[in-house]
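Protein chains in written order, with the working numbering: chain A, 52 to 477; chain B, -6 to 386.
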């Protein structure tokens, strides 16, 4: 008889659908082919002028009609494409998903195109001012602009399109958001609230202002030329992350319900761990204790020991700070095993997809398990001698992978780690 | 799976009515007078924050400087809630405490925006001008002071709550989901104690613009909450405030000898399609379920004042003839992300006192029976519906 509960007596969470969009393309197949070929999706920005900017590269998604429509329409489209792929793979009805939605989405504000347009309606009234813009809205509200400023808007549209149930949750835990969306879904299944959930991380928010904001915090790579060489996780000459866009979606189900409807199981979401940092708004605690605790909590939750992790999908942002801290955390937890566990960073190729990163990288982790191919860390030409990891340098590698740890460490101290596995831990 | 009782063991509130439980209870049980700011944002009226000594909950000036007002408000209210629960500065309890924050964002630099927009009227190349101005005029750390998840980040830094940190977004829905999720986790044994809440600062043109792009603000002065139909503008009079709750399993609370204001017996949430489904029927069904057979329920309504959802909620309330409802936004203003936490907090205080607070306007009925249960509602301006039922702990 099949056992449907895990080592802690909770419903086992199976993944039955995966969807990915990134600067490498649309869909799992194209993305996986590019990622395992070591191809970079990072390129010169064409969406907006880059004069006067120190960073002129990004992993934007430029191949959609919505790519120039603004952060809200693009984030919605990316989420919808990823969801559609995941739901189709799961074999569930496209307009009647029947479970809750957890959506990690970027916090966006009224974009400049709209701001300029709104100001233009007041030219006859006097000098630029918020008072005049408010007066203009009073005379004639702008519902389309309003929608782009509402954080609940994308989730409502996705919920409506795919027929998810209940009040959708929109969330942000900075760079850990996508992982948090998955964790919330796992917890809902474990509580028995639903047999299936749709978890999505999406981010289509690269704009002049968002780029400048990160740039002012000295967080971004300025190695613009050549663009594909700009993200260099774990390299000695890494100088910052590269902003990027995309979306990842997972359909997760209780094992019992997935088997009952004869769904194909792609892997298991075995454990989630989190721990917040109380040190600083942009820097992590020097002793790495929050990241260490997040990794340990995820392993405990999964019922696995450090000996049982086959591969690590690193956060690996390519900032001096993150990669150093991530190594400190991994080497503390995995001790002697650290350098023998292959640990690669998808961000070397797709850049940092911010709100979407945790979801996209979980999706890639599941593909790693399925295919037995480790995606490389590219641009690893000049290793950081203080980071003794097997980063799967520059070329993919074949290996049998039963378990993956995927790390997400956020600005603002939000750390979330996920453990995925080929077989459940009973 | 466990089925723990979920208790509210700490409440922190700051609003235009003042700070703390007593200030709010006293204001609501007397003859409440709304505190209003009618000039700064004319023709809009808002419920402004009173004097707050930030040092009391955010001792380091350097921390205060890193936050915009909404973050300070939230961090402050979180400190009040922790203090009220007797958890503040208890390292063991804070470092294992879960946190769900309902957050908006924004509070942009209005001077920079105005400068750029003014230049944009004459500039030949707006894009290049925008790059140049933003790069030179924006204060680097302002980004962090606006960023949604940084309210939680600041609470971790200032109050050392680090068990977990999740930020929900989506206007009113974020407050509903935050409490619902934190309570569900405690009920099922996924969590033992949690800090949950949100904050909103309305005294900022950019935040008002967020409402007025949709035409939701009332523009002809304050009026009692249930009597705004037909007035100029959209009916909404927003307010500034921060509300945090400490939720705890009964077992956890008992072990440390904590007192409880109320038990969260149930939360019902949903999101109908407003253009298609009938909101009044939806709210009425939710209320009837929460009333659980009580024909004289005490209902703390978070109705926003926005015309359509408020009249739908009013119609649903009127369909419960024995119920006594209190539209709190009439005296606090609408706190958006913090609205559901506010309604739940005030309902919890009433349950713990065993009595209803006074009618807040003439159309509201007095309730002359002891209160052993209360219902809290929040119906979002454009989406999301949430109802909680609280009972004596």
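Beta carbons: idealized from backbone N, C-alpha and C, even for Gly. Note that the coordinates shown come from a computational prediction; the quantities given were computed from them, not determined experimentally.
Quick check: what's the CA-CA separation for residue i versus residue j?
i: residue 445 of chain A; j: residue 280 of chain A; result: 11 Å
i: residue 314 of chain A; j: residue 78 of chain A; result: 20 Å
i: residue 356 of chain B; j: residue 160 of chain B; result: 37 Å
i: residue 31 of chain B; j: residue 411 of chain A; result: 48 Å
i: residue 323 of chain B; j: residue 296 of chain B; result: 9 Å
i: residue 247 of chain A; j: residue 466 of chain A; result: 25 Å
i: residue 340 of chain B; j: residue 303 of chain B; result: 19 Å
i: residue 214 of chain A; j: residue 130 of chain B; result: 44 Å
i: residue 72 of chain B; j: residue 255 of chain B; result: 20 Å
i: residue 273 of chain A; j: residue 208 of chain B; result: 42 Å
i: residue 109 of chain B; j: residue 389 of chain A; result: 50 Å
i: residue 363 of chain A; j: residue 53 of chain A; result: 29 Å
i: residue 148 of chain A; j: residue 377 of chain B; result: 19 Å
i: residue 165 of chain A; j: residue 309 of chain B; result: 38 Å
Name the two residues that bound the continuous beta strand (DSSP E) containing residue i.
i: residue 252 of chain A; result: 247 to 254
i: residue 326 of chain A; result: 318 to 327
i: residue 421 of chain A; result: Not the beta strand (DSSP E): residue 421 of chain A falls in the alpha helix (DSSP H), residues 408 to 422.
i: residue 87 of chain B; result: Looking at the DSSP string, residue 87 of chain B is not in any beta strand (DSSP E); the run it does join, the alpha helix (DSSP H), is 84 to 88.
i: residue 362 of chain A; result: 362 to 364
i: residue 226 of chain A; result: Segment: none, residue 226 of chain A is in no beta strand (DSSP E) and carries neither H nor E.
i: residue 198 of chain A; result: Taken as a continuous stretch (DSSP letters only), residue 198 of chain A belongs to no beta strand (DSSP E), being part of the alpha helix (DSSP H) at 194 to 200.
i: residue 162 of chain B; result: 159 to 162
i: residue 91 of chain B; result: 91 to 95
i: residue 371 of chain B; result: 366 to 372
i: residue 298 of chain A; result: 297 to 305
With distances taken Cα to Cα, identify the nearest neighbour of residue i among the options.
i: residue 165 of chain B; options: B:95, B:239 and B:186; result: B:95
i: residue 216 of chain B; options: B:354, B:16, B:175 and B:334; result: B:354
i: residue 266 of chain B; options: B:142, B:167, B:171 and B:375; result: B:375
i: residue 358 of chain B; options: B:290, B:385, B:383 and B:335; result: B:290
i: residue 336 of chain B; options: B:234, B:135, B:-3 and B:244; result: B:234
i: residue 433 of chain A; options: A:284, A:219 and A:415; result: A:284
i: residue 463 of chain A; options: B:170, B:138 and B:182; result: B:138
i: residue 188 of chain A; options: B:115, B:204, B:283 and B:186; result: B:204
i: residue 258 of chain A; options: A:440, A:108, A:154 and A:81; result: A:108
i: residue 335 of chain A; options: A:318, A:365 and A:371; result: A:371
i: residue 80 of chain B; options: B:352, B:219 and B:3; result: B:3
i: residue 332 of chain B; options: B:104, B:226 and B:230; result: B:230
i: residue 318 of chain A; options: A:66, A:310 and A:56; result: A:66
i: residue 74 of chain A; options: A:172, A:299 and A:468; result: A:299
i: residue 0 of chain B; options: B:6, B:344, B:113 and B:311; result: B:344
The alpha helix (DSSP H) with residue i in it runs from where to where?
i: residue 190 of chain B; result: Taken as a continuous stretch (DSSP letters only), residue 190 of chain B belongs to no alpha helix (DSSP H), being part of the beta strand (DSSP E) at 186 to 193.
i: residue -1 of chain B; result: Where residue -1 of chain B is concerned, there is no enclosing alpha helix (DSSP H), although the beta strand (DSSP E) it sits in stretches over -1 to 8.
i: residue 400 of chain B; result: Beyond the ends of chain B as shown, which are -6 and 386, falls residue 400 of chain B; an answer cannot be given.
i: residue 167 of chain A; result: 163 to 171
i: residue 244 of chain A; result: No alpha helix (DSSP H) holds residue 244 of chain A; DSSP gives it neither H nor E.
i: residue 264 of chain A; result: 259 to 267
i: residue 75 of chain B; result: 62 to 78
i: residue 140 of chain A; result: 122 to 141
Are the region 224 to 243 of chain A and the region 192 to 206 of chain A in contact at 8 Å, needing three or more beta carbon pairs?
Touching, no.
Members of the region 163 to 180 of chain A near chain B, C-beta cut-off 7 Å:
Residues of the region 163 to 180 of chain A with a C-beta less than 7 Å from any C-beta of chain B: 163, 166, 167, 170, 174, 178, 179 and 180, listed in chain order.
Output, in sequence order along the chain, the residues in the region 115 to 127 of chain B whose CB is closer than 8 Å to any CB in chain A.
Taking a C-beta cut-off of 8 Å against chain A, the contacting residues of the region 115 to 127 of chain B are 118, 119, 120, 121, 123, 124, 125 and 127, listed in chain order.
Scan the region 264 to 283 of chain B for residues whose Cβ lies nearer than 8 Å to a Cβ of chain A and list them as they occur along the chain.
Within the region 264 to 283 of chain B, the qualifying residues are 264 and 266.
Cβ contact check for the region 56 to 71 of chain B and the region 194 to 202 of chain B: 3 or more pairs under 8 Å:
Short answer: they touch.
Counting Cβ pairs closer than 8 Å, one from the region 324 to 333 of chain A and one from the region 402 to 416 of chain A, do we hit at least three?
No, the region 324 to 333 of chain A is not in contact with the region 402 to 416 of chain A.
Count the CB pairs spanning the region 469 to 476 of chain A and the region 44 to 62 of chain B that are closer than 8 Å, and state whether there are at least three.
No, the region 469 to 476 of chain A is not in contact with the region 44 to 62 of chain B.
Quick one: any contact between the region 221 to 235 of chain A and the region 381 to 388 of chain A, if contact means 3 or more CB pairs under 8 Å?
Not touching, per the Cβ criterion.
Closer than 7 Å between beta carbons: that is the criterion. Which residues of the region 35 to 55 of chain B meet it against chain A?
For the region 35 to 55 of chain B, which is checked against every Cβ of chain A, not one residue is closer than 7 Å.
Going along the region 182 to 203 of chain A in order, which residues come within less than 7 Å of chain B, judged by CB to CB distance?
Those residues of the region 182 to 203 of chain A that come within reach of chain B (Cβ to Cβ, closer than 7 Å) are 184, 185, 188, 189, 192, 193, 194, 196, 197, 200, 201, 202 and 203.
Does the contact criterion of 3 or more C-beta pairs under 8 Å hold for the region 390 to 402 of chain A versus the region 416 to 428 of chain A?
In this structure the region 390 to 402 of chain A lies against the region 416 to 428 of chain A, because at least three pairs of beta carbons, one per stretch, are closer than 8 Å.
If you measure beta-carbon to beta-carbon, which residues of the region 310 to 327 of chain A are closer than 7 Å to chain B?
Result list: 325, 326 and 327.
For the region 228 to 245 of chain A, list every residue whose C-beta sits within 9 Å of some C-beta in chain B, in sequence order.
Result list: 228, 231, 234, 235, 238, 239, 241, 242, 243 and 244.
Within 9 Å of chain B by C-beta, residues of the region 99 to 125 of chain A in sequence order
Cβ contacts with chain B come from 99, 100, 101, 102, 103, 104 and 105.
Members of the region 210 to 226 of chain A near chain B, C-beta cut-off 8 Å:
Residues 210, 211, 217, 218, 219, 220, 221, 222, 223, 224 and 225.
Under 8 Å: do the region 378 to 386 of chain B and the region 244 to 263 of chain B share three or more Cβ pairs, one atom per stretch?
Flag = yes, the region 378 to 386 of chain B and the region 244 to 263 of chain B touch.
Per the contact definition of three or more C-beta pairs closer than 8 Å, is the region 137 to 155 of chain A in contact with the region 84 to 94 of chain A?
The region 84 to 94 of chain A is not in contact with the region 137 to 155 of chain A.
Give the residues from the region 326 to 343 of chain A that approach chain B closer than 8 Å (Cβ to any Cβ), ordered along the chain.
Result list: 326, 327, 328, 329, 330, 331, 332, 333 and 341.
Beta carbons nearer than 7 Å to chain B: which residues of the region 259 to 280 of chain A have them?
Only those residues of the region 259 to 280 of chain A whose C-beta falls short of 7 Å from the nearest C-beta of chain B are listed: 259, 260, 263, 264, 267 and 268.
In the region 154 to 170 of chain B, which residues sit with their C-beta less than 9 Å from some C-beta in chain A, listed in chain order?
Cβ contacts with chain A: 154, 155, 156, 157, 158, 159, 160, 161, 162, 163, 164, 165, 166, 167, 169 and 170.
Do the region 301 to 310 of chain A and the region 55 to 64 of chain A meet, that is, are 3 or more Cβ pairs less than 8 Å apart?
Judged by Cβ distances under 8 Å, the region 301 to 310 of chain A makes contact with the region 55 to 64 of chain A, as three or more pairs qualify.
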